[in-house]
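Chains as they are written, first to last, in our numbering: chain A, 32 to 245; chain B, 32 to 245; chain C, 32 to 245; chain D, 32 to 245.
Worksheet for the structure shown next.
Number of protein chains: 4
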Amino acid sequence: MTTTAERLRCDAARNRERVLAAALELYREHGPAFTVEEVATRAGVGIGTIYRRFPTKSALLDELARPYFERLLTTARAAQAHPAPAERLETFIRAMAEQHAVDGIRSGRLWDTTVARPLRDEYIRAVEGILADARAGGRVRADVNPHDVGVIIWTVSALIDATDRAVAEIWRRYLDLVLDGLRPGGDQPLTTRPITSADWESLVASGPVLRLGT
Amino acid sequence: MTTTAERLRCDAARNRERVLAAALELYREHGPAFTVEEVATRAGVGIGTIYRRFPTKSALLDELARPYFERLLTTARAAQAHPAPAERLETFIRAMAEQHAVDGIRSGRLWDTTVARPLRDEYIRAVEGILADARAGGRVRADVNPHDVGVIIWTVSALIDATDRAVAEIWRRYLDLVLDGLRPGGDQPLTTRPITSADWESLVASGPVLRLGT
Amino acid sequence: MTTTAERLRCDAARNRERVLAAALELYREHGPAFTVEEVATRAGVGIGTIYRRFPTKSALLDELARPYFERLLTTARAAQAHPAPAERLETFIRAMAEQHAVDGIRSGRLWDTTVARPLRDEYIRAVEGILADARAGGRVRADVNPHDVGVIIWTVSALIDATDRAVAEIWRRYLDLVLDGLRPGGDQPLTTRPITSADWESLVASGPVLRLGT
Amino acid sequence: MTTTAERLRCDAARNRERVLAAALELYREHGPAFTVEEVATRAGVGIGTIYRRFPTKSALLDELARPYFERLLTTARAAQAHPAPAERLETFIRAMAEQHAVDGIRSGRLWDTTVARPLRDEYIRAVEGILADARAGGRVRADVNPHDVGVIIWTVSALIDATDRAVAEIWRRYLDLVLDGLRPGGDQPLTTRPITSADWESLVASGPVLRLGT
DNA sequence: CATGAATGAGTCTTCATTCAT
DNA sequence: CATGAATGAAGACTCATTCAT
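Now the structure itself:
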């Protein structure tokens, strides 16, 4: 009995993984422009099986986003652990971009996914700490705040999405420029009011950028 | 006679404009995810009328892109005419972003549209001149080339698309940082090889980013 | 006044001819699978002009059939005038096939067209005379009647339609065989009852074969 | 298990048959001028069900053609097995016509359908054997070849299509004449060069005659 | 009268989702 | 539980015909 039940659970879990793996593959290849039936075929399961696990195609895509964000979070934690606090900010931003590039999820600006919500808080807190370290070390201009960092990472991610497949690595030049701009150096002040938490929430909640599928 | 002929063309032209206006509205609201029938309804014409002027939904979207690029080109020419050559580069980049923000075409990275093709050449040439001016005036670091400028503008446009509706003006902070990075100042060298013309062509030709419709 | 009126009538007549010529061309090229708009373009007139002359696309096609039948009738009359009465039947059948082949109206089994109706009577009468001549000369088996001749011509026409474009002239072998079968020679009797006038009417009126367009 | 699996397949198969039956009915009634939706309605299924089995309306029509050709082939094989070799040719031609008449597929000159392709070879080979038998028995004139037989059957089929619904059996008179012409008897030689294999291919491949749908 | 712009019903096809087996 | 068959609401596009200019 137990065995049977476990077997079932086991099979179910494996199926779930297969479906997610197939969906991820397809997402990497085509963005959200793939069919649920294609996922089923590639996963080697029936279409009904997918709908048993995921109520909706959109829910399936959400589930794709979760590990992506977990990997990002791991990256963020690693940067926090960097021995030289002053280096943490650049290390962090570069590592995030690198991770995004490696991850292969293109057109994957998935931050407003339901699953991303809980992760975002930890993420923001991490950024706050890292930025404070950089500031203490005099490695960042005074007028940027954690949300600026979020926007930078977001933008570079979009650039990676847009270009990495066509011309790999190009985004690095761009990232270099931005990091250069981040460093202190008697530069002209930023021309717009600081980004607030509320702004950030609005951004993340705003439909168009983040819409999945269709 | 002339009057009659023109009247006809007049009405037809007005309908054409109505269709384009409706399509633009819908594009601003939903990106390319709108129905030809919606366009017809909003324009107050039959569906056949749309297909009389535009052989395809995709052609209609192309036509949407055309004035957008023409406005960008006008902006570029204006920047070239700026009295102080050294100022031209920053003026140019800011003006392009501004124009894009004002234009309201969101998710509108339309550079690979058929209609954009002929405009691109003039655009690139303008950038070359402007960059040379800035370099002569010592206002830009030595290791950036015209294609870097193209990528910058492209990226900022994407950022505007993504954020301007949710939190207006935020993109300006980002742009400030990048412009700061563009200025000379003994900064760290760029970590990746320069972008070539061929890279640029690949970028622009790469389907996924720029594909309209579907 | 008169001049103007005549000019008008003249222009109108010429337009009518142009439309018919364009339609015929298109019919030869594509069968009935062409657009009214294509006719207008090729004729160099507006679409409204066509609808002024011909109430319907189908009526236009009918009008195409008229000269075709008139040519056939001329052919029939010529055969009647052949000096050797006994030769008239084969001459007639061959000439009809030839005329059909030359005419170039493919998939043009137009016998049930409204315009063909009045011509059919004269046609049948001609066949009757010709057949009587052949019979008097002992050049045709006794058990065929005028309607058999009609069916033969009809069938060969269909064969021409089907094959002449792909492999010209092949239909002649076939026609030879049939003519051979028509000649007297102690052959096996025909296995089916003679075709009556009523049969002929049914045939000609039967939809599927003759349907134009769509 | 097996039962379940087969049940599924069973129902699906039944639906498939229903769809084919409905399509055949409609084809008999209207030729290819019917709607996929009509098929669905008449078959009592959703439109999607049709598209699950047949990727295209054209593929559905192909599938209609398949059994038709298989029946023809069976007929051909039966004629080859006729005890008296000399009789085989006429038996064959008559049987083919008969089968076509009974089959009820009107306007069904479907020989260039994809599904017909593989059957054609066997068909031609059968005709060759049968013709040789007839020639050995002195029952056919010397100057006809297998392709002539093909053209004869094709033409008679067209005649059946055109007339059988309006006046049943009339085609038999015609067929009698042609068979008469096929027999030897010191008749006039055929006036055109023999039909070659290449001719036959051209014929079959020539679009206009055989094109299904639209 | 001529023109060609406008119309919109009708066609094929796709795909997320439900449901019988 | 798994399967994959069934569903049907859209969506893009065509074309005969009408009608304003």
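Note that beta-carbon positions come from the ideal geometry of N, C-alpha and C, so glycine has one too.
Predicted, not measured: the structure shown is a model, and the values here were computed from it.
Name the chain D residues that come within less than 8 Å of residue i, Cβ to Cβ?
i	result
residue 203/C	221, 222 and 223
residue 8/C	Because chain C is modelled from 32 through 245, residue 8/C falls outside the range shown and cannot be assessed.
Which chain A residues sit within Cβ distance under 9 Å of residue i?
i	result
residue 226/B	198, 201 and 204
residue 133/B	Residues of chain A passing the Cβ test: none, with the nearest at roughly 16 Å.
Which chain B residues are close to residue i, counting only those with a beta carbon under 8 Å from its beta carbon?
i	result
residue 179/A	204, 205 and 208
Strictly below 7 Å CB to CB, what residues from chain D border residue i?
i	result
residue 158/C	Correct list: empty, because the minimum Cβ distance to chain D is about 15 Å.
Listing by chain order, which chain A residues have their CB less than 7 Å from the CB of residue i?
i	result
residue 124/B	In chain order: nothing, as chain A lies at least about 12 Å away.
residue 184/B	Under the 7 Å cutoff, chain A gives no residues; its nearest Cβ is about 11 Å from residue 184/B.
residue 213/B	208
Would you mind sorting residue i into buried or exposed? The rule is 16 or more other CB atoms within 10 Å of its CB.
i	result
residue 224/A	exposed
residue 215/C	exposed
residue 165/B	buried
residue 211/D	buried
residue 66/B	exposed
residue 199/B	exposed
residue 133/C	exposed
residue 177/B	buried
residue 42/D	exposed
residue 140/C	Any reading at residue 140/C is ruled out, since the residue's pLDDT is 49, under 50, leaving its predicted position unreliable.
residue 227/C	exposed
residue 192/B	buried
residue 122/D	buried
residue 157/D	buried
residue 60/B	exposed
residue 87/B	exposed
residue 152/C	exposed
My assumption, with CB atoms under 8 Å, is that residue i sits in contact with residue j. Please give the rounded CB distance.
i	j	result
residue 99/B	residue 186/A	Rounded, the Cβ-Cβ distance is 21 Å, inconsistent with contact.
residue 202/A	residue 190/A	5 Å
residue 111/B	residue 160/B	6 Å
residue 207/B	residue 221/A	5 Å
residue 128/C	residue 184/C	7 Å
residue 81/A	residue 90/A	Wrong, their Cβ atoms sit about 10 Å apart, outside the cutoff.
residue 54/D	residue 95/D	6 Å
residue 107/D	residue 154/D	6 Å
residue 130/D	residue 102/D	6 Å
residue 92/B	residue 63/B	6 Å
residue 68/D	residue 57/D	That belief does not hold up - the Cβ atoms of residue 68/D and residue 57/D are roughly 11 Å apart, past 8 Å.
Could you tell me which chain B residues have their CB closer than 7 Å to the CB of residue i, listed as they occur along the chain?
i	result
residue 52/A	Those within 7 Å of residue 52/A in chain B number zero; the least Cβ separation is about 21 Å.
residue 216/A	216
Run down chain A in chain order and give the residues with a C-beta less than 8 Å from the C-beta of residue i.
i	result
residue 168/B	Per Cβ cutoff of 8 Å: no residues; residue 168/B is ~16 Å from chain A at best.
Practice item. Inspect the CB distances between the region 69 to 80 of chain C and the region 47 to 54 of chain C and report whether three or more fall short of 8 Å. Key: These segments touch.
Check your understanding: If you pair each beta-carbon of the region 165 to 174 of chain B with each one of the region 115 to 132 of chain B, do three or more pairs fall below 8 Å?
Key -> Per the Cβ contact rule, the region 165 to 174 of chain B is in contact with the region 115 to 132 of chain B (3 or more Cβ pairs under 8 Å).
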